[in-house]
Amino acid sequence: MKSVDIVIPIYYNNIDEIEPSVREQIDFYKKNLKEYRWKIVIGINGLDKNGIVEKVEDLSKRYENVAYDYTDQAGRGASLNRTFVNSKADFVCYMDVDLATGLDAVPRMLKELEYYEVVVGSKYIKDAKYNRTPLRFVLSKIYNLIITKLILNAKFSDAQCGFKGMHTLIAREIMPLVEDKGWFLDTEILYIVQKKGYKFKEIPVHWIERENSGVKLLKTVKDFTVKTIRLRYRNL
Numbered sequence: 000m001k002s003v004d005i006v007i008p009i010y011y012n013n014i015d016e017i018e019p020s021v022r023e024q025i026d027f028y029k030k031n032l033k034e035y036r037w038k039i040v041i042g043i044n045g046l047d048k049n050g051i052v053e054k055v056e057d058l059s060k061r062y063e064n065v066a067y068d069y070t071d072q073a074g075r076g077a078s079l080n081r082t083f084v085n086s087k088a089d090f091v092c093y094m095d096v097d098l099a100t101g102l103d104a105v106p107r108m109l110k111e112l113e114y115y116e117v118v119v120g121s122k123y124i125k126d127a128k129y130n131r132t133p134l135r136f137v138l139s140k141i142y143n144l145i146i147t148k149l150i151l152n153a154k155f156s157d158a159q160c161g162f163k164g165m166h167t168l169i170a171r172e173i174m175p176l177v178e179d180k181g182w183f184l185d186t187e188i189l190y191i192v193q194k195k196g197y198k199f200k201e202i203p204v205h206w207i208e209r210e211n212s213g214v215k216l217l218k219t220v221k222d223f224t225v226k227t228i229r230l231r232y233r234n235l
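Be aware that the sequence shown starts at 0, since it is given in numbering that gives the first Met the number 0, and climbs by one per residue.
Here is the structure:
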């Protein structure tokens with residue numbers, strides 16, 4: 000029986016979302032991941048713990064399929080680098096604690112990982128569904144259809160979907176190359192996958208936009224554009 004670590008990176012203002020998210024995932028995985036040994040790994044990052052470590056430690060004691068990792072380095076990328084590289088599972092994946100990506104994508108991803116090295120979610124391919132505000136939709140389209148295509152010659156349709164999975168052996172090759180510790184990490188992972196020639200597949204996801212993302216849209220697009228240009232000229 001193959002195994003998977005499902006990593007949930009969190010930060011200081013996620014504390015109220017953690018337990019409901021974990022319980023919903025446990026209920027779903029018990030019914031839908033019977034062919035796998037699975038574990039939810041909560042990746043805590045940043046110096047401002049705000050009671051999160053104690054909260055997650057309690058959850059790990061109450062639920063046998065829950066573990067956690069802590070790093071004082073801020074950013075979801077710091078959590079993902081540690082948890083992916085140190086995983087003992089066959090596969091690793093990550094999704095946001097607010098479960099913006101529908102959980103039905105997890106078993107679909109695992110099936111595809113039998114044939115592909117990396118599997119990523121997309122909001123913009125056939126059979127995908129999304130619920131986004133008009134501004135987020137427009138800015139996302141500009142970023143995905145113009146910026147990443149022109150600058151990176153992207154072969155992927157959704158640079159910023161926060162749902163990705165891969166073989167752990169591949170993760171140990173990819174993650175040390177990822178420099179960004181914040182939200183640009185999603186684009187960086189995909190570009191590295193493309194640049195290095197890993198076999199990857201996009202799968203459709205059902206995406207529900209959550210308000211409490213902490214992302215300032217216009218500033219983020221400007222920042223991402225600069226980072227995309229820098230990424231294009233990195234020596235990978």
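Yeah, the Cβ is synthetic: ideal placement off N, Cα and C, and Gly gets one too. Fair warning: this is a prediction, and the values are worked out from it, not measured in the lab.
Item checked: Span separating the alpha-carbon of Pro-175 from that of Tyr-190 -> Looking up residue 175 in the sequence shown gives position 176. Looking up residue 190 in the sequence shown gives position 191. One C-alpha to the other measures close to 14 Å.
Next item on the list: Would you mind stating whether Asn-13 and Val-96 have Cβ atoms separated by less than 7 Å?
Entry: Residue numbering aside, residue 13 sits at position 14 when the sequence shown is read from its first letter. Residue numbering aside, residue 96 sits at position 97 when the sequence shown is read from its first letter. For Asn-13 and Val-96, yes; Cβs fall inside 7 Å.
Item checked: Extent of the continuous beta strand (DSSP E) run through Asp-4 -> Taking the first residue of the sequence shown as 1, we reach residue 4 at position 5. First-last of the beta strand (DSSP E) with Asp-4: 2-9.
Next item on the list: Specify the secondary structure class of Ser-86 as computed by DSSP and reduced to three states.
Entry: By 1-based counting over the sequence shown, the position of residue 86 is 87. Coil.
Margin query: For a quick check, are the C-beta atoms of Gly-50 and His-205 less than 7 Å apart?
Written below: Translated into the one-based positions of the sequence shown, residue 50 becomes position 51. Translated into the one-based positions of the sequence shown, residue 205 becomes position 206. Contact flag unset, no.
Notebook entry, point to check: Taking Cβ to Cβ, would you say Lys-194 is nearer than 7 Å to Leu-235?
Noted result: As a working note, residue 194 is residue 195 in the sequence shown. As a working note, residue 235 is residue 236 in the sequence shown. Yes; because the gap between Cβ atoms is below 7 Å, this pair is in contact.
Checklist line | Per DSSP, cross-strand counterpart(s) of Met-165 | finding: For the purposes of this step, residue 165 is identified with residue 166 of the sequence shown, where counting begins at 1. Beta-bridge pairing links Met-165 to Val-91 and Val-117.
Notebook entry, point to check: CA-CA distance, Leu-168 and Phe-155?
Noted result: In the sequence shown, counting from the first residue as 1, residue 168 sits at position 169. In the sequence shown, counting from the first residue as 1, residue 155 sits at position 156. Their Cα atoms are separated by approximately 22 Å.
Item checked: Minimum length 4: unbroken alpha helix (DSSP H) runs contained in the stretch 20-50 -> Runs found: none.
Notebook entry, point to check: If we call anything under 7 Å between Cβ atoms a contact, is Tyr-123 one with Asp-157?
Noted result: The residue labelled residue 123 in the question sits at position 124 within the sequence shown. The residue labelled residue 157 in the question sits at position 158 within the sequence shown. Result yes, Cβ atoms of Tyr-123 and Asp-157 sit closer than 7 Å.
Next item on the list: Could you check what DSSP says for Ala-104 in three-state terms: helix, strand or coil?
Entry: Mapped onto the sequence shown, residue 104 falls at position 105. Three-state DSSP puts Ala-104 in a helix.
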